[in-house]
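Just below is one structure, and these are the notes that go with it.
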Amino acid sequence: MGSEWKNLYTLKDVVSTSIEMDQRKIKHYKTILKGMKIEGRLKCHKSANGNSLRYYYVSPSGDKEVYLGKNKMRTIKAMQKKRFAEEMIKVLENNIKAKERFCKAYIDDTVSAVINSMPLAYRPIQDENEKGQYNFPQSENPYHRENLIIKTSFGLYVRTKSELQIAELLYSLDIEFYYEKALTLWEGTDEFASRTFYPDFTIVLPDGREIYWEHKGMMSRTNYVERDTEKEIIYNLNGIYQPHNLIVSAEGPDNEFDMEAVRRVVEGVLLPAMAV
Numbered sequence: 157m158g159s160e161w162k163n164l165y166t167l168k169d170v171v172s173t174s175i176e177m178d179q180r181k182i183k184h185y186k187t188i189l190k191g192m193k194i195e196g197r198l199k200c201h202k203s204a205n206g207n208s209l210r211y212y213y214v215s216p217s218g219d220k221e222v223y224l225g226k227n228k229m230r231t232i233k234a235m236q237k238k239r240f241a242e243e244m245i246k247v248l249e250n251n252i253k254a255k256e257r258f259c260k261a262y263i264d265d266t267v268s269a270v271i272n273s274m275p276l277a278y279r280p281i282q283d284e285n286e287k288g289q290y291n292f293p294q295s296e297n298p299y300h301r302e303n304l305i306i307k308t309s310f311g312l313y314v315r316t317k318s319e320l321q322i323a324e325l326l327y328s329l330d331i332e333f334y335y336e337k338a339l340t341l342w343e344g345t346d347e348f349a350s351r352t353f354y355p356d357f358t359i360v361l362p363d364g365r366e367i368y369w370e371h372k373g374m375m376s377r378t379n380y381v382e383r384d385t386e387k388e389i390i391y392n393l394n395g396i397y398q399p400h401n402l403i404v405s406a407e408g409p410d411n412e413f414d415m416e417a418v419r420r421v422v423e424g425v426l427l428p429a430m431a432v
């Protein structure tokens, strides 16, 4: 390992990605607005019996108010959709400004960033021949090892940026874990049938018990979901299930990843278990 500690993926990167997603959403809602030529605004009053609403169209100048009956429901819905798009754009623009302020003020608290911020004399000595925490056990998974290209601050190679964030968090909290450690389980078909899996993270508790962590990143792919469902069944047959000894995290349809939610799980579940 070289002498440079590189910070590969941080909370700031997550927020920056979120800003990009917000900007794409704004473009989407502005496209909706372009197709809407209707001007003026919508207002409503309760009916005399109070059981329904009466909608009115108010002209841009405000000097004309026209009742919109049930036959004008399409107009009502179009004006509601337009107002929603306008309000959503305002919210997104406000959130982008808030996130930009955060990115400007944020100080990276990952292990690698803090080490890089210290004077050279205080940085850990890294020797490739030295045994210890920097010779971290690598993945035992033999499949698609060419994808193990993302390197953590402590020398572990993982497959995705989300896994990197999880690994960095566990490491920073001094939680012992293994990445893609082999786990052989009874398959459930007959007495001797077994299959080997490679949970993304295997966390070892002080009393010797293990907690398994699976991170799901391709749930939009049917074949991935089918394999994952089959694996969950076998896990369950072998006494591995949520919330007993299994943690599951996942990415959204646009590859968004809620790292703060993961942090809450670690602080709320793993840290108390480590203290027992």
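Position in the sequence shown (first residue = 1) + 156 = the numbering used here. Where is the CB? At the ideal position from N, CA and C, for every residue including glycine. These numbers were taken from a predicted model, which means no experiment stands behind them.
- Between Gly373 and Glu324, the gap from beta carbon to beta carbon reaches 9 angstroms or more.
- Using a C-beta cut-off of 8 angstroms, the segment 416–430 makes no contact with the segment 379–386, since fewer than three inter-stretch Cβ pairs fall below that distance.
- Sequence-distant partners of Ile367 (beyond 5 residues in either direction) whose C-beta falls short of 6 angstroms from its own C-beta, in its chain, are Ile359 and Asn401.
- Thr358: member of the beta strand (DSSP E) spanning Phe357 to Val360, first to last residue.
- Annotation for Trp369: Asp356, Phe357 and Ile403 place their beta carbon closer than 6 angstroms to its own, counting only its chain and skipping 5 residues before and after.
- Between the alpha carbons of Asn297 and Ser172 lies a distance of about 32 angstroms.
- For Pro409 and Met177, the gap between their C-alpha atoms comes out near 12 angstroms.
- No residue range can be given for Glu412, since it is assigned to no alpha helix (DSSP H) and is classified by DSSP as neither H nor E.
- If you ignore the 5 residues before and after Met235, its C-beta comes within less than 7 angstroms of the C-beta of Ile194 and Leu198, all in its own chain and listed in chain order.
- Short of 7 angstroms from the beta carbon of Ser318, and not among the five residues preceding or following it, lie these beta carbons of its own chain, in chain order: His371, Gly373, Glu407 and Phe413.
- Collapsing the DSSP output to three states places Thr352 in a strand.
- Put simply, of Ile263, Arg301 and Val222 the residue whose alpha carbon is nearest the alpha carbon of Tyr335 is Arg301.
- The alpha-carbon of Gln321 is positioned some 35 angstroms away from that of Glu242.
- With a beta-carbon spacing of about 14 angstroms, Ile182 and Glu256 fall beyond the 8 angstroms limit used to define contacts.
- Taken through DSSP and simplified to helix, strand or coil, Leu304 comes out as coil.
- Linking Tyr299 to Ser405 through their CA atoms gives a straight-line distance of about 21 angstroms.
- For the pair Tyr313 and Ser295, the CB atoms are nearer than the 9 angstroms cut-off.
- In this structure, DSSP gives Arg377 a state outside helix and strand, which the three-state scheme calls coil.
- In the structure shown, Ile403 falls within a strand segment according to DSSP collapsed to helix, strand and coil.
- With distances taken between CA atoms, Leu393 lies nearest to Trp342 out of Ile252, Trp342, Ala429 and Met415.
- At the C-beta level, Leu339 and Phe333 stay beyond 9 angstroms of one another.
- The beta-carbon separation of Cys200 and Tyr213, rounded to 11 angstroms, does not stay under the 8 angstroms limit for a contact.
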